[in-house]
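Chemist: Shown below is the structure under consideration.
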Amino acid sequence: MSGVFSPTRAKIKERTLRTDKWWLEPAITFGVLFSFVIYATFRAFEGANYFVEPLISPFYSPCLSEACVEGSKLFGWAPVSAQVLGFALSPALIILIFPLGFRMTCYYYRKAYYRAFWLSPPACAVAEPHTKYTGETRAPLILQNAHRWFFYAGLVFNVFLTYDAVLAFKNNDGQWGHMSVGTLVLVASSSLLWFYSLSCHTCRHTVGGRLKHFSKHPVRYKLWSVVSVLNTKHQQFAWFSLAAVAFADIYVRQVATGAWTNFYFF
Amino acid sequence: MTRKLNLRIWRGDSTDGGLKDVVVDVNEGEVVLDVIHRVQATQMGDLAVRWNCKAGKCGSCSMEINGKPRLACMTQVASFDEDETITITPLRAFPIIKDLVTDVSFNYKKAMEIPAYEHPTDLAPGAARMEQVDVERSQEFRKCIECFLCQNTCHVIRDHEENKKSFAGPRFFIRIAELDMHPLDRIKNRKRTAQEEHGLGMCNITKCCTEVCPEHIKITDNAIIPMKERVVDIKYDPARMFSGLLRREKRD
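From first to last, the protein sequence lines stand for chains A and B. Residues in the first sequence are numbered consecutively from 1, following this note's numbering. Residues in the second sequence are numbered consecutively from 1, following this note's numbering.
Structural data, given as structure tokens:
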């Protein structure tokens with residue numbers, strides 16, 4: 001007997017005496033994240049319907065494979081073979097580890113999925129089902145410390161996705177100065193990704209959090225102050241950016257398959 | 001206006017115990033500690049409860065109210081439905097002494113394991129001057145009233161008694177963070193000891209400590225995560241290793 005049922009503690013047989021709907025938040029988190037994982041896995045392996053001039057899905061950008069359809073390659077560059085070890089590799093599988101790793105190691109998502117998927121704990125003051133716990137001190141969870149590297153990679157991806165959003169100001173014929181619903185979708189998606197990245201705890205630490213003397217580094221203190229304001233909304237940016245990226249992919253797919261028409265404002 | 005309130009209060013000690021039903025008068029504006037005192041005065045004269053200031057500043061009356069770790073003196077009875085039975089139990093992470101009183105000495109032992117601030121040797125006492133921006137960050141942590149609700153709700157020790165040996169808990173992570181962020185503190189290895197001796201790596205950021213803090217200290221965002229990032233600086237950051245910054249930090 002361990003935890004709240006340890007022999008020295010008050011003898012209460014219930015795992016929790018909470019009367020509120022403590023299970024609701026982890027249940028919703030589980031549902032949304034699980035749905036996203038299923039959808040993202042399907043799309044990553046689909047290997048099609050990710051590009052329609054001038055829109056590219058964020059799941060497939062930058063498109064670095066020889067298998068990328070015409071016009072979708074980053075500056076026409078394709079350093080990765082279409083086949084790896086004899087298997088046809090979807091272009092998304094080459095790059096998804098970076099945004100996936102960034103979100104998997106994100107301090108907010110850690111809270112969300114430790115609660116919703118691993119029930120460690122399912123909610124505050126609700127006893128978890130595990131008999132042993134070592135936290136993030138051993139493999140594989142010690143790899144959460146790689147968050148900083150995924151953060152840097154994420155910034156590079158944000159640049160690519162912003163570039164994609166800029167390209168979306170073209171029309172089907174490649175002429176500049178046009179704007180469609182797809183443009184708005186990609187601009188919203190890339191903007192929210194910037195907010196998500198810049199509100200990150202690692203960003204906050206990197207720009208100034210690691211300092212002991214704020215007064216000796218006024219510029220970094222100012223940056224830290226700005227990022228600290230964004231950081232209070234990191235959870236919201238995490239969800240909104242996830243939804244925006246998923247919707248951007250859905251939108252591009254629907255347009256690419258001909259199910260939806262990309263309406264041009266001008 | 002006086003009305004009747006249904007309570008369930010845990011009574012017992014380390015050998016046995018259980019929830020006892022009681023009906024008590026409650027007046028408008030009263031807090032849970034008020035009705036506990038009324039129960040003590042009128043129905044259970046030997047009910048043990050720890051309290052002191054009745055103003056949310058001493059941290060004595062920590063207990064669990066409807067399963068949530070809270071201060072009894074800061075929990076309005078009006079925040080519950082009128083027909084709701086309020087269940088009151090002692091803190092469930094610490095050994096029980098009697099009724100609503102637990103043995104929180106674990107926390108004092110952990111406090112003693114953290115080296116105190118060390119003043120620079122070349123600076124006379126009283127000669128230190130700090131800018132407000134340097135003081136502000138750690139001032140938040142100084143609001144701690146040591147109610148130990150964060151320690152109680154932290155699942156690392158609440159659900160795993162065996163971790164108490166190696167885990168200091170959120171209250172002491174804010175203490176370590178406060179000292180590590182202090183511009184004048186001479187001790188340079190607080191990051192390393194936080195990880196290797198005080199169990200910082202066991203925290204999985206589920207933020208329950210922040211949720212229950214009656215002083216609204218952002219324990220996770222402003223203390224634990226910054227300390228984890230500082231640990232990454234010295235232990236897990238290949239760029240800093242390659243650039244020699246790790247060695248330089250050790251020399252400091």
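Built from N, CA and C at the ideal position, the CB exists for glycine as well.
(1) Between which two residues does the beta strand (DSSP E) carrying Gly12(B) extend?
(2) Distance cutoff 8 Å, beta carbons only. Does Ala10(A) sit that close to anything in chain B?
(3) Ser197(A) and Leu161(A) - do their beta-carbons sit closer together than 8 Å?
(4) From Arg192(B) to Leu200(B), what does the alpha carbon distance come to, in whole angstroms?
(5) Mind listing the chain B neighbours of Ser197(A)? Cutoff is C-beta to C-beta under 8 Å, in chain order.
(6) In this structure, how does DSSP classify Trp149(A) when only helix, strand and coil are distinguished?
(7) Would you kindly work out how many angstroms separate the C-alpha atoms of Cys203(B) and Phe117(A), rounded to a whole number?
(8) Using a Cβ cut-off of 7 Å, pull out every chain B residue sitting near Arg115(A), in sequence order please.
(9) Nearest chain A C-beta to Cys150(B) closer than 8 Å, yes or no?
(10) Does the ligand FAD have a heavy atom nearer than 7 Å to the CB of Cys63(A)?
(11) Can you grab the Cα-Cα spacing for the pair Trp149(A) / Ser228(A), in whole Å?
(12) Does the segment 95-107 of chain B come close enough to the segment 45-56 of chain B that 3 or more CB-CB pairs lie under 8 Å?
(13) Taking the CB atoms as reference points, tell me whether Ile95(A) and Ser72(A) lie closer together than 8 Å.
(14) State the start and end residues of the unbroken beta strand (DSSP E) segment that holds Pro69(B).
(15) Note down the Cα distance separating Asp159(B) from Ala168(A), rounded to an integer number of angstroms.
(16) Can you name, in chain order, every residue of its own chain whose Cβ lies under 7 Å from the Cβ of Ser61(A), other than the five neighbours on each side?
(17) Cα-Cα, which of Asn6(B), Ile114(B) and Thr75(B) is closest to Ile187(B)?
(18) Looking at chain B, is there any beta carbon in it that lies within less than 8 Å of the beta carbon of Thr137(A)?
(19) So Asn231(A) is in the alpha helix (DSSP H); what residue range does that whole segment cover?
(20) Less than 8 Å between CB atoms is the rule here; does Gly12(B) satisfy it with respect to chain A?
(21) Apart from the five residues on each side of it in sequence, which residues of its chain come closer than 7 Å, Cβ to Cβ, to Lys4(B)?
(22) Going by CA-CA distance only, name the one from Arg171(B), Glu82(B) and Gln43(B) that's closest to Met112(B).
(23) Apart from the five residues on each side of it in sequence, which residues of its chain come closer than 7 Å, Cβ to Cβ, to Phe167(B)?
(24) Does Asp237(B) have its Cβ less than 8 Å from a Cβ in chain A?
(25) Taking only the alpha-carbon atoms, compute the straight-line gap between Arg251(B) and Ser243(B) and give it to the nearest angstrom.
(26) Residues of chain B with CB closer than 9 Å to the CB of Arg210(A), please, in chain order.
(27) With distances taken Cα to Cα, identify the nearest neighbour of Lys143(B) among Thr87(B), Lys218(B) and Arg190(B).
(28) For Ile176(B), which beta-bridge partners are listed by DSSP?
(29) I'd like to check one pair, Ser199(A) with Asn231(A): are the Cβ atoms closer than 8 Å?
(30) Is any beta-carbon of chain B found at less than 8 Å from that of Ala125(A)?
(31) Going by C-alpha to C-alpha distance, which of Val187(A), Tyr107(A) and Phe240(A) sits closest to Cys203(A)?
(32) Kindly list, in the order they appear in chain A, the residues whose Cβ is closer than 8 Å to that of Pro120(B).
(33) Using DSSP with H/G/I as helix, E/B as strand and the rest coil, what is Cys154(B)?
(34) Quick one: what's got a C-beta closer than 6 Å to Arg253(A)'s C-beta in the same chain, skipping five residues either side?
(35) Is Lys170(A) close to chain B? Criterion is C-beta to C-beta, closer than 8 Å.
Modeler: Straight from the coordinates:
(1) Where Gly12(B) is concerned, the enclosing beta strand (DSSP E) stretches over Thr2 to Gly12.
(2) With its beta carbon less than 8 Å from one in chain B, Ala10(A) belongs to the interface.
(3) no
(4) Rounded to the nearest angstrom, the two C-alpha atoms are 10 Å apart.
(5) Within chain B, no residue comes near Ser197(A); the closest Cβ sits about 15 Å away, beyond 8 Å.
(6) The three-state secondary structure of Trp149(A), taken from DSSP, is helix.
(7) So the two alpha carbons sit approximately 17 Å from each other.
(8) What Arg115(A) touches in chain B: Thr206.
(9) no
(10) Although the ligand FAD was asked about, the structure shown includes no ligands whatsoever.
(11) 20 Å
(12) The segment 45-56 of chain B vs the segment 95-107 of chain B: in contact.
(13) no
(14) Lys68 to Leu71 is the extent of the beta strand (DSSP E) around Pro69(B).
(15) 52 Å
(16) Phe160, Leu161 and Asp164
(17) Out of Asn6(B), Ile114(B) and Thr75(B), Ile114(B) has the C-alpha closest to the C-alpha of Ile187(B).
(18) yes
(19) Pro218 to Asn231
(20) With respect to chain A, the C-beta atom of Gly12(B) has a partner C-beta closer than 8 Å.
(21) Only Val23 and Asp25 meet the Cβ criterion.
(22) Closest option to Met112(B), Cα to Cα, is Arg171(B).
(23) Same-chain partners within the cutoff: Val156, Ile157, Gly199 and Met202.
(24) Using a CB distance cut-off of 8 Å, Asp237(B) counts as an interface residue toward chain A.
(25) Low confidence applies to Arg251(B): its pLDDT is 46, below 50, so where it sits in the model is not reliable, and the reading given next is rough at best. The alpha-carbon atoms of Arg251(B) and Ser243(B) are separated by roughly 15 Å.
(26) Residues of chain B whose Cβ lies closer than 9 Å to the Cβ of Arg210(A) are, in chain order, Pro226, Glu229, Arg230 and Asp233.
(27) It is Lys218(B) whose Cα lies nearest to the Cα of Lys143(B).
(28) Partner(s): none; Ile176(B) has no beta bridge.
(29) yes
(30) yes
(31) Tyr107(A)
(32) Neighbours of Pro120(B) on chain A: none; closest Cβ ~13 Å, over 8 Å.
(33) In this structure, DSSP gives Cys154(B) a state outside helix and strand, which the three-state scheme calls coil.
(34) Counting only Cβ-Cβ distances below 6 Å, and skipping sequence neighbours, we find Asn49.
(35) no
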